[in-house]
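Every number in our numbering is 6 more than the matching position in the sequence shown, counting from 1.
Where a beta carbon is used, it is the ideal one built from N, C-alpha and C, also for glycine.
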Amino acid sequence: MTSPLVEANELEGVRNNVMGTKTLAETAVACGVERFTMISTDKAVRPTNVMGATKRLGELVIQNLAERGHNTIFSIVRFGNVLGSSGSVIPLFKSQIERGGPVTLTHKDVTRYFMTIPEAARLVLLAGCYAEGGDVFVLDMGEPVKILDLAVQMIEHSGNTIRDDDNPNGDIEIRLTGLRPGEKLYEELLIDADNLPTPHAKILRARENTLTTQQLLSVLTQLNLAIDTQDTSIIRQTLSNWVEGYQAQPVDDRLSA
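(1) According to DSSP, is R84 part of a helix, a strand, or is it coil?
(2) Cα separation between L261 and E65?
(3) Give the secondary structure of N201 by DSSP, where H, G and I count as helix, E and B as strand, and everything else as coil.
(4) Only counting runs of 4 or more residues, tell me where the alpha helix (DSSP H) segments fall wholly within the segment 10–78, in order along the chain.
(5) Taking DSSP as the reference, what is the three-state secondary structure of M147?
(6) Going along the chain, which residues of its own chain have a beta-carbon closer than 6 Å to the beta-carbon of R41, five neighbours each way excluded?
(7) Tell whether a beta-carbon distance below 8 Å holds between P52 and E179.
(8) For a test of the three-state rule: what should DSSP assign to E179, helix, strand or coil?
(9) Specify the secondary structure class of R105 as computed by DSSP and reduced to three states.
(10) Is it buried or exposed for P203, if we count other Cβ within 10 angstroms and need 16 for buried?
(11) Could you have a look at D259 and say whether DSSP puts it in helix, strand or coil?
(12) Do the segment 79–94 and the segment 45–64 make contact, defined as three or more Cβ pairs closer than 8 Å?
(13) Rounding to the nearest angstrom, what Cα-Cα distance links N166 and M160 in this structure?
(14) Considering only C-alpha positions, which residue in the set L222, S164, A126 is nearest to S101?
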């Protein structure tokens, strides 16, 4: 099995999601940008993988900058999967169905939140307008969708039937491949249950902990050292120390399939 991209490339995950976010945010301040909205992910909540943990650190970078009194108003918008986007499971399932299957699914109980591209874009823009500085906004994604049900619906809507033990002559098989390294059965949107309303019913403001400037400087120093020395063990340990809920797995366990 191929490992998820960031899980197998921790150095690039840190460069992009932490250092890249820091560079963009500081450039926004230097250029006098009025509002800066970071697009985050539900994977940043109690993350089980490097992608989610580095995105949460990116959030902490933005929250810290917001606390320093810059004229730029910083905010974060956190949500789940966007239907039809480049990382969506929909195009993958469609392609697999067109090839005659199998449709691959990591686990029969996996659930995910989904939102359409127009709705996500509209709510992100609205949330940025509501920002006062350092806000973490969470979009109401509705009820999570069971990915197995989604696969079944797509197969049936394409005019095909499911091939399984009950119907061995069906058209398309759904094949379970096993959870990938760091993959969750379900995603969360809030680290803490506490949240505040906004003028829009589908946009909530989360209350979450931040790092002090001194703490963040320590984290960034450790991560820069890891990048300079190409030492992924420092990255995993730093993420474990500073990102709530993340526990690094040994590299052999993490990347074995």
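Judging by the given coordinates:
(1) Three-state result, R84: strand.
(2) In this prediction, L261 scores a pLDDT of 45, lower than 50, which makes its location untrustworthy; the coordinate-derived value is nonetheless stated afterwards. Computed Cα separation, rounded: 26 Å.
(3) N201: strand per DSSP, three-state reduction.
(4) The segment 10–78 contains these whole alpha helix (DSSP H) runs: 16–20, 27–36, 56–72.
(5) Here M147 sits in coil by DSSP.
(6) Closer than 6 Å at Cβ, skipping near neighbours: I79, G134.
(7) In the sequence as presented, Pro is not what sits at residue 52; that position holds Arg. Not a contact, by the Cβ cut-off of 8 Å.
(8) E179 falls in the strand class under three-state DSSP.
(9) Coil at R105, not helix or strand.
(10) Its Cβ having fewer than 16 others within 10 Å, P203 is exposed.
(11) Because the pLDDT of D259 is 48, which lies under 50, any placement of that residue in the model is unreliable, and the question is left without a value.
(12) Flag = yes, the segment 79–94 and the segment 45–64 touch.
(13) If I take the Cα positions, the gap works out to 9 Å.
(14) S101 has its Cα closest to that of S164, out of L222, S164, A126.
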